[in-house]
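The listed protein sequences derive, respectively, from chains R and U.
Its first residue numbered 252, the first sequence is counted upward by one per residue in the numbering used here.
Its first residue numbered 252, the second sequence is counted upward by one per residue in the numbering used here.
No residue lacks a Cβ here, since even glycine has one placed at the ideal position from N, Cα and C.
What follows is a short report on a single structure.
Protein chains: 2
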Amino acid sequence: MNKRPATLKDVAAAAGVSTSTVSMILNRRSQFKPEVEARVREAILALNYRQNPGARSMVTGLFGSIGLVVLDIRNPHFTNVVHGASIKAQAYGYNLIVVDLKEDISHATQTVDNLARRVDGLILSLRLTEEARDLPRELGKPAVLFGQTLQGHFQDLQTPSIQIRGREASMLLGRHILETGRRRIMYVGYSRSIWNADRVGALREIAGDAEVMEMSVDTQTMEAGEAIAASIVYGPQKVDAIVCYNDVIAIGLLHGLCDLGVRVPEDISIAGFDNIAVSRYVTPSLTTVDMRSEDLGSRSLERLHLAIESRDPGPTAVLLEPRLMVRASTQGSAK
Amino acid sequence: MNKRPATLKDVAAAAGVSTSTVSMILNRRSQFKPEVEARVREAILALNYRQNPGARSMVTGLFGSIGLVVLDIRNPHFTNVVHGASIKAQAYGYNLIVVDLKEDISHATQTVDNLARRVDGLILSLRLTEEARDLPRELGKPAVLFGQTLQGHFQDLQTPSIQIRGREASMLLGRHILETGRRRIMYVGYSRSIWNADRVGALREIAGDAEVMEMSVDTQTMEAGEAIAASIVYGPQKVDAIVCYNDVIAIGLLHGLCDLGVRVPEDISIAGFDNIAVSRYVTPSLTTVDMRSEDLGSRSLERLHLAIESRDPGPTAVLLEPRLMVRASTQGSAK
DNA sequence: CTGAGCTATTGAAAGGCTTCAATTAAAATC
DNA sequence: GATTTTAATTGAAGCCTTTCAATAGCTCAG
């Protein structure tokens, strides 16, 4: 039942040709008599032969796998990135090795370095290059970075990247909030994020006479968002709108506010980033900015595929436009 | 910059020993003079040597990877399974190759068969064995199945499995709903699920004089849940409680009901399965049954690890207990 | 009919690692 | 100090595939 899998040699013997012939046919390297080819294909089927990936990778240096490193797979944003990448990976015939850092970026260099030895290319969160700027170049493997643009960073990257305009995203959201008459905006950031300054900066730039305040949570969880509600409501600063680092935090916070009897959006309006699936289904439905999570994943994989085949490069950095999704949590003017 | 990575031979030369010695040390196969070992380790560090996984796998037949096949990674239930598995994978030093079937089970056999050739073991959704009963045995690789028990199935599996008691889950939820005085229960299933009969059966078994009705949706999305709301509210049958196939559908449906002006839980109470993170954060918060998603993943990987090391078998099927999570969506008696 | 020019096919090497039997060095015994 | 035991180390084979130079088999021009 658990018999040794057939090898190239077995197939060659069965078809009465040399192993080279079989290998050539498998890799479409040259023309063969149709009759020979048919005989070989038949033998392959009969023996249920599959290439031994180890042996193959030893000589070609290729693995047929791509490594995808995400910060936290439970965050639907990253899940969607994985999903997008997975679709394309399947189309191109790659396996996807998913590494979940679980927000612990400290061993990332080590992890990525290890991963690099067993894949044909890597898709990495832009965030990682902040820890180790030269990481992608030291890998010796093609890599693509994905994530949000960061003012003054990532532009000179040698490594190709799929980036989504971060400042535009903030401004889209900020303008919408200002248009609804809000004047005291709280930005709830994620303390370990490198984008906080960018986000707040963009908001302040368009704020005019409105005030933009700032605070942070320590984990990207709904619990963290919920926990912060009281300090906003009972804090010293009056607030009439909240912009959260992402939808996960926003949803937690939204829930926390409602528990405290705050009316959303009448008393305080609230919004997030990412446009995760559930945002439309919380109450009130959450205004957010679609950060193109799935596109980030699929385009990264496409770009990486090109790099692996060493075709093109094409533009090094692809910029994606965020999309504002206005929903109930910011509808209606301030009272 | 992109110089050839160091090989065993390089290390051996640098340390002044044979390649066998280095290999032995790396695989802790026998005792060496501390001094020799130190010299070798130093050389490894100095040359930044890493084993070539291809070459290694060729001779050992091992890959250092595990394949995890899920039905839909965007469903937080499966995301949590991946997360649980990922934690243990990291602990044991495996890479996790995640394959997302995207609910399309038709090519599963092919996909899994391919995957099996490049991993040391597989973690598969129990659901797959329904398509191809002997799949795990034909793989020639250790496998672990995970998912819900199904009356009259999966008990005689030769393959180890981590199963969660499905009927108990339904009964836990059913009893709770009956205790709140509901008498007309609608079960909203997923049309492609093989567990519908089990779920409904379990509910009917404890229903007494209460009525259990049944309908289905075609995709496991919030949209699908939302879309079905009207047909429940305006349908011919009066309903005072809804049990959904999972939280994703339940959340969509909950939203749809609220849009139609139905008061939850006063008019209709609603519950789901899985206990995904967001269930606590929708309004009203959703009663559900925790299906131990993360444990399913982590225990599957632990079990698989044992099988790969060919230690034990231990019990073939591990049964996990579901946990009822009572929240606002079913609180309070029927009006 | 011969030899040149192609084409279809093959032989053999290479790639990096593990393993087992064999060798050498060290330790123990008398 | 010579000999036996035991421990530390190594040589060489083998894993399976790809590739490149080389061969064999044809065709065709002269």
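Secondary structure at Leu454/U, three-state DSSP: helix, strand or coil?
-> In the three-state scheme derived from DSSP, where H, G and I count as helix and E and B as strand, Leu454/U is classed as helix.
Under 8 angstroms between C-beta atoms of Ala420/U and Met309/U = A distance of 8 angstroms or more separates the beta carbons of Ala420/U and Met309/U.
What does a CB cutoff of less than 8 angstroms around Ala340/R pick up in its chain, not counting 5 residues either side in sequence?
-> The residues Ile317, Asn346, Leu347, Leu552, in chain order, have a CB closer than 8 angstroms to that of Ala340/R in the same chain once the five nearest residues on each side in sequence are set aside.
In this structure, does DSSP put Arg554/U in helix, strand or coil?
-> When DSSP states are grouped into helix, strand and coil, Arg554/U belongs to the helix group.
Identify each residue in the segment 540 to 572 of chain U for which the Cβ-Cβ distance to at least one residue of chain R is less than 8 angstroms, and report them in chain order.
-> Contacts with chain R (Cβ-Cβ distance below 8 angstroms) from the segment 540 to 572 of chain U involve no residue at all.
Which of the three DSSP states, helix, strand or coil, is assigned to Met252/R?
-> Reliability fails at Met252/R, whose pLDDT of 41 lies under 50, so the model's placement of it is uncertain and no value is given.
Interface residues of chain R facing Leu347/U [CB-CB closer than 9 angstroms] = Contact of Leu347/U with chain R by beta-carbon distance below 9 angstroms involves Ile348, Val349, Val350, Asp351.
Within this structure, are the beta carbons of Thr613/R and Leu259/R separated by less than 8 angstroms?
-> The structure shown does not extend to residue 613/R, since chain R is modelled only from 252 to 586, so the question has no answer here.
Please state whether DSSP places Asp351/U in a helix, a strand or coil.
-> Three-state result, Asp351/U: strand.
Compare the C-beta of Cys495/U with all C-beta atoms of chain R and state if any pair is closer than 8 angstroms.
-> At a cut-off of 8 angstroms, the C-beta of Cys495/U has no neighbouring C-beta in chain R.
What alpha helix (DSSP H) runs, 4 residues minimum, are completely inside the segment 370 to 436 of chain U?
-> Scanning the segment 370 to 436 of chain U for uninterrupted alpha helix (DSSP H) segments of 4 residues or longer gives 377 to 382, 386 to 389, 417 to 430, listed from N- to C-terminal end.
Reduced DSSP secondary structure (H/G/I, E/B, other) of Asn365/U | Asn365/U falls in the helix class under three-state DSSP.
Closer than 6 angstroms by C-beta to Val569/R: which residues in its own chain qualify, once you throw out the five before and the five after it? Chain order, please.
-> Answer for Val569/R: Ile413, listed in chain order.
To the nearest angstrom, report how far apart Thr362/R and Val333/U are at their CA atoms.
-> Approximately 18 angstroms, taken between the alpha carbons.
Which residue's Cα is closest to the Cα of Arg450/U: Leu408/U, Asn497/U, Gln406/U, Ile483/U?
-> Check the Cα spacing between Arg450/U and each of Leu408/U, Asn497/U, Gln406/U, Ile483/U: the tightest is with Asn497/U.
Measure the alpha-carbon distance for Ala461/R versus Ile519/R and round it to whole angstroms.
-> Note on geometry: alpha-carbon atoms of Ala461/R and Ile519/R lie some 15 angstroms from one another.
In the segment 432 to 454 of chain U, which residues sit with their C-beta less than 8 angstroms from some C-beta in chain R, listed in chain order?
-> The residues in question: there are none.
For chain U, find out if any of its Cβ atoms is closer than 8 angstroms to the Cβ of Met252/R; answer yes or no.
-> Only weak support is given to the placement of Met252/R: the predicted model assigns it a pLDDT of 41, under 50, and the value that follows is read from those uncertain coordinates. Taking CB atoms only, Met252/R has a neighbour in chain U less than 8 angstroms away.
Assuming Ile559/R and Asp371/R make a contact with CB atoms under 8 angstroms, what is their CB distance in whole Å?
-> Confirmed, about 5 angstroms.
Count the other CB atoms within 10 Å of the CB of Lys284/U; is the residue buried (16 or more) or exposed (fewer)?
-> By the neighbour-count criterion, in which a residue is buried when 16 or more other Cβ atoms sit within 10 angstroms of its Cβ, Lys284/U is exposed.
Candidates Asp261/R, Val268/R, Ala264/R, Met576/R, of which the one nearest Leu424/R by Cα = Comparing Cα-Cα distances from Leu424/R to each of Asp261/R, Val268/R, Ala264/R, Met576/R, the minimum goes to Met576/R.
To the nearest angstrom, how far is it from the Cα of Ala265/R to the Cα of Thr311/R?
-> Rounded to the nearest whole angstrom, the C-alpha separation of Ala265/R and Thr311/R is 25 angstroms.
Write down the C-beta distance between Ile356/R and Leu319/R rounded to the nearest angstrom, noting that I regard them as a contact closer than 8 angstroms.
-> That pair is no contact at about 16 angstroms.
Identify which residue in Thr330/R, Asn299/R, Arg255/R has its Cα closest to the Cα of Ile527/R.
-> Looking at the Cα atoms, Thr330/R is the closest of the given residues.
Compare the beta carbon distance of Glu477/R and Gly507/R with 8 angstroms and say whether it is the shorter of the two.
-> Going by C-beta atoms, Glu477/R is nearer than 8 angstroms to Gly507/R.
Find the residues of chain U that neighbour His334/R, judging by a C-beta separation of less than 7 angstroms, and give them in chain order.
-> In chain order: Ile324, Arg325, Asp351.
Helix, strand or coil for Leu511/R per DSSP?
-> The three-state secondary structure of Leu511/R, taken from DSSP, is coil.
With a threshold of 16 other CB atoms inside 10 Å of the CB of Asp469/R, please say whether the residue is buried or exposed.
-> Classification for Asp469/R: exposed.
Does DSSP put Asn303/R in a helix, a strand or coil?
-> In the three-state reduction of the DSSP assignment, Asn303/R falls in the coil class.
Own chain partners of Ala257/U with C-beta closer than 7 angstroms, once the 5 adjacent residues on each side are dropped = Result list for Ala257/U: Leu298, Asn299, Tyr300, in chain order.
Start-to-end residues for the beta strand (DSSP E) that takes in Thr539/U = 538 to 541 is the extent of the beta strand (DSSP E) around Thr539/U.
Separation of Val439/R from Tyr485/R, as counted between CA atoms | Using only the alpha carbons, I get a separation of about 15 angstroms.
Within the 8 angstroms Cβ cut-off, does Ile502/U reach chain R?
-> Look at Ile502/U: its C-beta is under 8 angstroms from a C-beta on chain R.
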